[in-house]
Every structure is written in structure tokens, then in C-alpha cells.
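FYI, the numbering for the sequence shown is 1 to 295, going by the UniProt record's numbering. Have a look at the structure below before the remarks.
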Amino acid sequence: MSDKPTATPAVSTESASKDEQPVVYKRQAYRQQQETKRKLLKTAHFDSSADSPAANANDSGEIKLPQKKYYRQRAHSNPFSDHQLEYPLSPDQMDWNKYYPTKTADQEVTVADIGCGFGGLLVALAPALPDKLILGMEIRVQVTNYVEDRIIALRQQHPGQYNNIAVLRGNAMKFLPNFFKQGQLEKIFFCFPDPHFKQRKHKARIVTTTLASEYAYVVRPGGVVYTITDVEDLHIWMRDHLQAHPLFERCSEEFEREDECAKIMYVNTEEGKKVERNKGSKFVACFRRLENPVV
Numbered sequence: 001m002s003d004k005p006t007a008t009p010a011v012s013t014e015s016a017s018k019d020e021q022p023v024v025y026k027r028q029a030y031r032q033q034q035e036t037k038r039k040l041l042k043t044a045h046f047d048s049s050a051d052s053p054a055a056n057a058n059d060s061g062e063i064k065l066p067q068k069k070y071y072r073q074r075a076h077s078n079p080f081s082d083h084q085l086e087y088p089l090s091p092d093q094m095d096w097n098k099y100y101p102t103k104t105a106d107q108e109v110t111v112a113d114i115g116c117g118f119g120g121l122l123v124a125l126a127p128a129l130p131d132k133l134i135l136g137m138e139i140r141v142q143v144t145n146y147v148e149d150r151i152i153a154l155r156q157q158h159p160g161q162y163n164n165i166a167v168l169r170g171n172a173m174k175f176l177p178n179f180f181k182q183g184q185l186e187k188i189f190f191c192f193p194d195p196h197f198k199q200r201k202h203k204a205r206i207v208t209t210t211l212a213s214e215y216a217y218v219v220r221p222g223g224v225v226y227t228i229t230d231v232e233d234l235h236i237w238m239r240d241h242l243q244a245h246p247l248f249e250r251c252s253e254e255f256e257r258e259d260e261c262a263k264i265m266y267v268n269t270e271e272g273k274k275v276e277r278n279k280g281s282k283f284v285a286c287f288r289r290l291e292n293p294v295v
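And the structure:
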């Protein structure tokens with residue numbers, strides 16, 4: 001009997017069918033493919049009257065909507081970590097034209113979805129507010145990429161539509177005034193934010209005494225702050241902190257029931273749909289920005 005070890009025949013990965021490849025490799029390949037497309041398409045101006053780069057993105061001439069399974073990401077991200085984010089030193093340095101293909105010179109972003117998740121609210125608001133520029137801010141890398149790919153696909157599949165929504169990766173708790181001027185926003189949404197249940201983590205909640213002042217700075221008088229959560233303790237926390245601020249007052253129950261954007265927020269976020277499937281409760285509170293006091 002020979003003492004020589006038996007050589008194991010090499011298996012060519014090329015010979016294996018796509019279905020036999022491990023899921024992790026499929027995900028990596030998909031991400032690389034999407035990243036290549038994203039670099040080519042995300043700043044393109046989609047025009048139904050002209051050939052766009054998106055039209056030739058694949059053999060079928062259509063960009064498919066992204067699949068969430070290829071954008072695996074933790075449910076939450078630490079807002080106090082150094083995420084090496086890019087942000088302008090001031091709102092005047094922000095170039096919005098690369099995010100909004102049909103933006104005019106005098107248009108500004110006036111609606112923001114903070115922690116936009118997978119973009120359900122953005123997509124629903126686009127046709128409801130066709131004359132507004134709407135921005136989603138999301139701190140998680142893969143979730144931001146998903147929303148970006150989703151918008152690219154929707155613009156290509158529906159020429160002339162969805163040009164008023166965009167997403168960028170950013171930390172609103174740190175850099176919101178870097179993106180928005182005083183009184184720039186008409187509406188700002190906080191949908192199903194991280195509840196940070198532990199008391200020592202409450203400082204990381206998206207609404208605090210300090211952050212309420214920042215929101216009062218970027219929201220114009222008459223503008224509205226929209227909040228929704230399935231955690232009653234967090235609902236009470238956000239309600240109390242915003243009510244305690246001298247520049248916010250709670251909107252009426254009728255407004256929270258009948259306002260078009262409040263209705264959209266209640267039913268169109270991915271997290272909200274999951275709460276409904278699980279027979280959970282959703283708590284809504286809206287706050288109107290008051291006029292600045294006369295000094």
C-alpha cells in the first residue's frame with residue numbers, strides 16, 4: 001500500500017451551475033454587477049424623449065427592480081460611530097443636480113425622510129408630491145444602495161416619473177444642517193426609527209431635546225414633522241420631546257387621520273406593512289412648526 005497522499009481532483013467553479021453556487025457568492029456577484037450599473041446610471045438624466053444609458057443596461061432593455069436578498073444588512077447602525085461619510089461643509093456646497101435629473105435652478109429639496117429604510121415612503125410620495133424634491137437619508141450602506149438601484153429602475157421603467165426622489169447615505173443626527181438651510185424643509189418624516197430600548201441608549205434616539213432644536217432649524221414655519229412607530233414607549237418619548245419644544249405644537253387628531261402624507265406614511269413603509277402582517281399597533285404623531293418669536 002502506498003504512503004503517498006491521494007491528490008484531490010480540483011473542481012472548476014466554472015463548471016458548477018449557477019444554482020449550485022453558494023448564496024454568498026451569488027450575492028457578491030449580484031452586488032458587483034449592480035455597483036457597475038450604479039456608477040454608470042445613478043447620475044444619468046432619464047428622458048423619455050431621448051435614448052438614456054439605462055435603456056441599454058441589459059439585453060432586454062429594462063432594468064429590473066433590485067432584490068432585497070442581495071442587500072443583506074444589520075437592522076440598525078450606531079449613529080455615533082465614524083462611518084467615514086461624505087457631507088458638504090454647508091448646504092451651499094451641495095450639488096443636488098446629480099440626484100434629481102429634472103431639477104430646475106430655483107428648486108430645493110423640501111421633503112426629507114430620515115432613516116428611509118428600503119424606500120417605500122419615498123416611492124409612494126413621488127406621485128403624491130410631483131412638484132416637490134424628496135430626499136431619503138439612510139445610514140446603512142447596503143440599504144442605501146438598494147434604494148438607489150430601486151429609483152434607477154423605476155425611472156427607467158416609468159419614463160418621466162420618479163425624478164423627484166433621491167437617496168443619499170448620511171447621518172442626520174450629526175450632519176443635517178450641513179445639507180439643509182434654515183427653514184428649507186416643508187415636511188420631515190421619522191418612520192419606525194430604532195427604539196433603543198435600553199435607558200443608556202436613549203441618547204441615540206432620533207428625537208431628543210437637542211435634535212428637536214435642529215429639526216426646528218431646518219423646518220420652516222408652518223412645516224410638519226411626521227412620526228410613526230410601533231413601539232408605544234418610543235411614541236410617548238418622541239411626542240413628549242417635540243411637544244416640550246417651544247417651536248412645535250401637536251397637530252390635531254383630524255390632521256393625523258386625514259392628511260394625505262400622514263395616510264401614505266401609515267400604510268406605505270416596508271416596516272409598517274410588516275407591523276400590519278404581525279397584527280401590531282402603529283402610533284402616529286405630527287407636529288407643526290410654529291412661527292419664530294418676535295425678538
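Glycine included, every Cβ here is placed at the ideal spot set by N, Cα and C.
**OP:** Specify, as a first and last residue, the run of the beta strand (DSSP E) that Lys187 falls within.
**Re:** Taken as a continuous stretch (DSSP letters only), the beta strand (DSSP E) holding Lys187 covers 185 to 191.
Subject >> Counterpart residues of Ala112 in DSSP-defined beta bridges >> reply: Leu135, Ile188, per the DSSP bridge assignment.
**OP:** Over the uninterrupted beta strand (DSSP E) stretch that includes Glu249, give me the two end residues.
**Re:** Counting along the chain, the unbroken beta strand (DSSP E) around Glu249 starts and ends at 248 to 250.
Original post:
Hey, quick one: how far does the alpha helix (DSSP H) through Tyr226 stretch, first residue to last?
Top reply: Note, Tyr226: premise wrong, no alpha helix (DSSP H); beta strand (DSSP E) at 219 to 229.
**OP:** Use the C-beta contact count for Met265: other C-beta atoms within 10 angstroms, 16 or more gives buried, fewer gives exposed.
**Re:** If you draw a 10 Å sphere on the C-beta of Met265, you find 16 or more other C-beta atoms in it, and that means buried.
Subject >> First through last residue of the alpha helix (DSSP H) which encompasses Val267 >> reply: Start and end: 260 to 268.
Original post:
So, helix, strand or coil for Leu85, using DSSP?
Top reply: Residue state, collapsed to three classes: coil.
Original post:
Do His245 and Ala216 have their C-beta atoms within less than 8 angstroms of each other?
Top reply: With contacts defined as CB atoms closer than 8 angstroms, His245 and Ala216 qualify as a contacting pair.
Subject >> Cβ pair Leu125, Val109 closer than 8 angstroms >> reply: The answer is no: Cβ separation not under 8 angstroms.
Subject >> Chain-order list of residues whose beta-carbon lies under 7 angstroms from that of Glu186 (same chain, five-residue window excluded) >> reply: Closer than 7 angstroms at the Cβ level, and outside the excluded window around Glu186, lie Thr110, Val111, Arg220, Gly223.
**OP:** Measure the C-alpha to C-alpha separation of Gly280 and Lys203 and round it to an integer number of angstroms.
**Re:** Gly280 and Lys203: Cα-Cα distance of roughly 26 angstroms.
Subject >> For Gln199 and Thr227, the rounded distance between their alpha carbons >> reply: Straight-line spacing of the CA atoms in Thr227 and Gln199 works out to 21 angstroms.
Original post:
Assuming Tyr146 and Phe118 make a contact with CB atoms under 8 angstroms, what is their CB distance in whole Å?
Top reply: Confirmed, Cβ separation roughly 6 angstroms.
**OP:** From the DSSP output, in three-state form, read off Leu65 for me.
**Re:** Leu65 sits in coil when the DSSP states are folded into three classes, being neither helix nor strand.
Original post:
What's the C-alpha gap between Val295 and Leu247?
Top reply: Just so you know, the alpha carbons of Val295 and Leu247 end up roughly 14 angstroms apart.
Subject >> Closest by C-alpha distance to residue 310, when choosing among Asp230, Glu232, Val218, Gly272 >> reply: The chain is shown only over 1 to 295; residue 310 falls outside these bounds and no answer can be derived.
Subject >> For Val141, the nearest candidate out of Leu85, His235, Pro66 (CA to CA) >> reply: Residue Leu85 is the option with its Cα nearest to Val141.
Original post:
With 16 other CB atoms within 10 Å as the buried threshold, where does Arg155 fall?
Top reply: With 16 or more other CB atoms across the displayed protein chains lying within 10 angstroms of its CB, Arg155 is buried.
Original post:
By how many angstroms is the C-alpha of Met137 removed from the C-alpha of Lys169?
Top reply: First, the residue type needs correcting, since residue 169 is Arg and not Lys in the sequence shown. So the two alpha carbons sit approximately 6 angstroms from each other.
Subject >> Span of the beta strand (DSSP E) around Ile165 >> reply: It spans 165 to 169 - the beta strand (DSSP E) in which Ile165 sits, taken as one unbroken run.
Original post:
Is the beta carbon of Ile206 less than 8 angstroms from the beta carbon of Gly272?
Top reply: The answer is no: Cβ separation not under 8 angstroms.
Subject >> Cut-off 6 angstroms between Cβ atoms - residues of its own chain near Phe190, not counting five sequence neighbours on either side >> reply: Non-local beta-carbon contacts of Phe190 in its own chain, meaning distances under 6 angstroms to residues more than five positions away in sequence, involve Ile114, Ile206, Thr227 in chain order.
**OP:** Within 10 angstroms of the Cβ of Trp257, are there 16 or more other Cβ atoms? Answer buried if so, exposed if not.
**Re:** In the sequence on display, residue 257 carries Arg and not Trp. Label assigned to Arg257: exposed.
**OP:** Using only alpha-carbon positions, find the residue among Pro101, Pro127, Asp106, Thr104 that is nearest to Asn268.
**Re:** Among Pro101, Pro127, Asp106, Thr104, the Cα nearest to that of Asn268 belongs to Pro127.
**OP:** Locate the alpha helix (DSSP H) running through Val123, then write down its first and last residues.
**Re:** First-last of the alpha helix (DSSP H) with Val123: 120 to 128.
Original post:
Based on the DSSP output, what are the partners of Ala212 in its beta bridges?
Top reply: In the DSSP assignment, no residue is bridged to Ala212.
Subject >> Range covered by the alpha helix (DSSP H) that runs through Val284 >> reply: Looking at the DSSP string, Val284 is not in any alpha helix (DSSP H); the run it does join, the beta strand (DSSP E), is 283 to 289.
Original post:
Excluding the five sequence neighbours on either side, which residues of its own chain have a C-beta within less than 6 angstroms of the C-beta of Leu231, listed in chain order?
Top reply: Before going on, a small fix: residue 231 reads as Val here, not Leu. Excluding sequence neighbours, Val231 sits near Pro195.
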